[in-house]
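These notes concern the structure reproduced below.
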Amino acid sequence: MENHKTLIYDLAPRKFGKRGVIWTLFLVVIIIAGIVAYIDQLIKGQEVTNMRDYALWGIYISNFVFFVATSFVGTVTVAILRLTNNSWRTPLVRIAEIISVAAIIMAGITIMIDMARPDRLLNLFIHARLQSPITWDVVIIPTYIVISLLLLYFPLLPDFAILKKHFKKTKPKLSKWYGKLSLNWKGSVAQKTIQTKSIKIIAIMIIPVGILLQTIDAWLFSTTYRTGWDSTNFAPYFISGAFVAGIGALVTVIYVVRRVKKLEHYITDYHFDKLGKLLVLALLLYFYFNINEYLIPSFTAKKDESVHLNTLFTGSYATLFWFVTIVGLIIPIIVLLFKKGRKPYPMFFIGLIVVIGSWWKRFVIVTPTLLHPFLPIQGVPESWRHYFPSLHEWLITIATLAMALLIITILVRYLPVIPIQRTYEEQELLKTDKTIET
Amino acid sequence: MEDKNKSSRRKFLDKGLKLGIVSAIGGLGLSKITSKLNATNDDSSGEKMELMTTDGTLIQVDSSEVLEIEHPADNDKKYNVREGMPNRKFVMVVDLARCKNALKCQSACNKHHYITGDNAWIKIYKMQESKDTAPYFMPTTCQHCDHPPCVTVCPVDATFKRRDGLVLIDNERCIGCRFCMAACPYSTRVFNWSEPDQGEITLNMDMYQHEYLSPEYAGMPSLKGTVDKCDFCPHFVKNNELPKCVEVCPNNVFYFGDKYEDTVSNSDEIVRLSELLEERAGYRLMEGLGTEPSVYYLPPKDRWVDFEEALKNYKEFESVEKPE
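Same order as they appear, the protein sequences are chains C and G.
In terms of numbering that gives the first Met the number 0, the first sequence opens at residue 0 and continues consecutively.
In terms of numbering that gives the first Met the number 0, the second sequence opens at residue 0 and continues consecutively.
See below:
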């Protein structure tokens, strides 16, 4: 029982320190700036962006793709590690679920920012046409939001009950909320069977839905004729890319949470080592699909294809392309292959550059293709031949990223980031194992 | 193990049986209800009436079922914008040999569609397939594809294909996602990035609002945050006039007509479409994509003008003239 108490003490949510408050305020300020920019965009129209008739999609879309990709982390860590019986996932799953929820909610919001007529949002339902990939997105994103929320919520039930008890005297109001959220959890056998069953169903459901989500995201591009998008490789390419972005985000967030909440005792070098191995697997997979995507077309070098690839390899997008390929992909692979590279500190930096690389990678996927249509770009102002986001676009996009971080921050503040009940049960199990052995 | 298998099978059978019974009862109930609904007039009078339907067939009906209704306004005359003009199939032929890059089509189109942005609906491209082949000028309109990729990807049916071949846009419905622009391989679609400043025209339009607010009326009005493109001038075609670009071209580059009638005409002559395409080796743009465009091109053989001469008119960065 002693053990249980220290566990609760260690893992129960605690008030922010000074740093936490400053961080939250910082995010709020960025978000407000973004909202102001968005209102301006609503009034003036998308003229305030640097998108034009040729570069008709910009960072709103690439940012959307990034969010969708990052939300894949819930599917991978929770569901796939669960199915493969990898028990080291226990202290990591909750954070993965939190990232997943934040990312997919922000994906839904970001895609609406790109819509030039958000006032006609309901048309998507009133006049929905099933053959449009956008309609598929309209179906799959809310589905994934619901499933992700449930996957976060169901395992939380026992922890909410514990927290209710824990805060009863110190914070009665908070305790009441936890009590409501725990849905009267008493830990009875009946409740436990229902809970285990529900989690199992959701964890299995999220795999096809998660894969479909990434696939549909890829199909948004590969259902067009455009060189660089019109690729049968695109769906697996996006799935593996999402694998990378998700695990990258998980590593980064976990490192920060572990430091701030002083969880070194629970999230150990061992966990980072395992996560590092998972990340390098993801990176190698992604590397493989990158070869398929860029090297094989340059082998046959069809005219349109080589024009497109030349802008990436040596042309105006070369710096970005080689940055995302070398810094965002190859260097992390090399570092993570060494045991020393999988220690928490280097892993944090690897995770960070993987996330940054993933973000710019989406930019490199979306924009260059649009600037190489089949017919030459003529009869429009010279500036339409290039694209770099405007101030409005940056403000709004950074605000969406800040919103995702804010959602993560708030959830980390009020939820136990490491499942209390599960950790306790697993520790007890280990103990009894030992007593039998000795 | 065996036992378990058996019991689970039994359970399955049990469940299946229950489900079957439930659905049978449900089905029975449903059929009862529908039969009731159908037989509202059980007390048929037995008297039969002979009636003629709107398409001319004679039918016999029980007189008790006959109800008098309001006379329909003009049901068969009613014109459906999304269906188009009945029994027509509009096509265009562009004779590249004649194009001197006079740009009259472009300026007339800009004027008549009140284009205020930076991107015209008609583009005259300076083309050269490779260094060793001849350069030429190529006007493009919307290709009005029979398999339009833009229509396929539109999530709200804002852009649609009509029976008469036209691909049009309902600017009142478009949500501004620009997927159609990404899907179009001919880069023919333009977007209203800001409030289109159509000036006086919009004022005038208020007076004729009921007539103009239709996908058929020449992009009138252009709406902020929606897509526009060449519409084959249905507002002229309806009155048996030629689209503006066809009418104004001084070199008779464009032919416009009806595929079912197999005739196309420019402002000077009327010709057989099939003969013209056969004699002059007509082709369509990017045939390999399978979009089946309604615009045919005649190769630039025996050109009317020297390319260098036509180049004088060429403006690389402008397609809509701005008032000074």
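Beta carbons are placed, not taken as given, at the ideal position from N, Cα and C, and that holds for glycine.
Beyond the five residues adjoining it in sequence on each side, residue 385 of chain C comes within less than 8 angstroms, by CB distance, of 54, 315, 370 in the same chain, given in chain order. Secondary structure note for residue 194 of chain C: its alpha helix (DSSP H) is the uninterrupted segment 188 to 221.
Within the segment 42 to 128 of chain G, the complete alpha helix (DSSP H) segments of 4 residues or longer fall at 103 to 111, listed in chain order.
When only Cα atoms are considered, residue 422 of chain C and residue 86 of chain C end up about 11 angstroms apart. When C-beta atoms of the segment 237 to 247 of chain C are compared with those of the segment 175 to 183 of chain C, fewer than three pairs fall below 8 angstroms, so the two segments do not count as touching. When C-beta distances to chain G are compared with 9 angstroms, the residues of the segment 221 to 246 of chain C below that value are 222, 223, 224, 225, 228, in chain order. One Cα belongs to residue 327 of chain C, the other to residue 372 of chain C, and the distance between them is close to 28 angstroms. The Cβ-Cβ distance between residue 94 of chain C and residue 363 of chain C does not fall below 8 angstroms.
If you draw a straight line from the Cα of residue 144 of chain C to the Cα of residue 201 of chain C, it comes to about 12 angstroms. Spanning the alpha carbons of residue 78 of chain C and residue 336 of chain C requires a straight line of approximately 25 angstroms. Residue environment: residue 60 of chain G is assigned as exposed (fewer than 16 neighbouring CB atoms within 10 Å of its CB, all protein chains considered). With contacts defined by Cβ atoms closer than 8 angstroms, residue 155 of chain G and residue 122 of chain C form a contacting pair.
Not a single unbroken stretch of the beta strand (DSSP E) spanning 3 or more residues falls wholly within the segment 264 to 347 of chain C.
Put simply, the backbone Cα of residue 51 of chain C is about 20 angstroms away from that of residue 112 of chain G. At a cut-off of 4 residues, the continuous stretches assigned as alpha helix (DSSP H) that sit fully inside the segment 136 to 197 of chain C are 156 to 165, 171 to 180. Those residues of the segment 382 to 406 of chain C placed with their C-beta closer than 7 angstroms to a C-beta in chain G do not exist. Residue contact with chain C for residue 131 of chain G: absent (no Cβ-Cβ distance below 8 angstroms to any residue of chain C).
For the C-beta of residue 91 of chain G, not a single chain C residue is nearer than 8 angstroms; the gap to the nearest is close to 17 angstroms. For residue 160 of chain G, the enclosing beta strand (DSSP E) starts and ends at 158 to 160. By the rule that beta-carbons nearer than 8 angstroms mark a contact, residue 104 of chain G does not touch chain C.
Of all residues in the segment 26 to 56 of chain C, only 43, 44, 45, 46, 47, 48, 50, 51, 52, 53, 55, 56 place a beta-carbon less than 9 angstroms from a beta-carbon of chain G. In its chain, beyond the 5 residues on either side, 359, 362, 363 have a beta carbon closer than 8 angstroms to the beta carbon of residue 319 of chain C.
For residue 89 of chain C, there is no enclosing beta strand (DSSP E); the enclosing alpha helix (DSSP H) has its first and last residue at 89 to 113. Exposed is the label assigned to residue 431 of chain C, since fewer than 16 other Cβ atoms lie within 10 Å of its Cβ.
When the five nearest sequence neighbours on each side are left out, the beta carbons in the same chain lying within less than 8 angstroms of the beta carbon of residue 383 of chain C are those of 51, 52, 53, 54, 376, in order along the chain.
Taking a beta-carbon distance threshold of 8 angstroms, residue 118 of chain G counts as an interface residue toward chain C. A residue is called buried when at least 16 other Cβ atoms come within 10 angstroms of its Cβ; residue 51 of chain G does not meet this threshold and is exposed. Identification of residues in the segment 126 to 143 of chain C having a C-beta nearer than 8 angstroms to some C-beta of chain G yields 126, 127, 128, 130, 131, 132, 133, 134, 137, given in sequence order. For residue 327 of chain C, there are no C-beta contacts with chain G under 8 angstroms, since the nearest C-beta of that chain is about 25 angstroms from it. Shortest Cα-Cα distance from residue 178 of chain C to any of C:91, C:419, C:161, C:304 involves C:161. Taking 8 angstroms as the threshold, the shortest C-beta distance from residue 321 of chain G to chain C does not fall below it. Any Cβ of chain C closer than 8 angstroms to the Cβ of residue 156 of chain G would place that residue at the interface, and such an atom is present.
Listed in chain order, the non-local C-beta contacts of residue 226 of chain C below 7 angstroms within the same chain comprise 303, 304, 307, 368, 371, local neighbours out to five positions each way being set aside. Selection G:181, G:246, G:297, G:18 evaluated against residue 272 of chain G yields G:297 as nearest (Cα-Cα). Looking at the DSSP output, residue 135 of chain G shares a beta bridge with G:126. For the segment 164 to 176 of chain G, the set of residues with a beta-carbon nearer than 8 angstroms to any beta-carbon of chain C comprises 172, 173, 174, 175, 176, in chain order.
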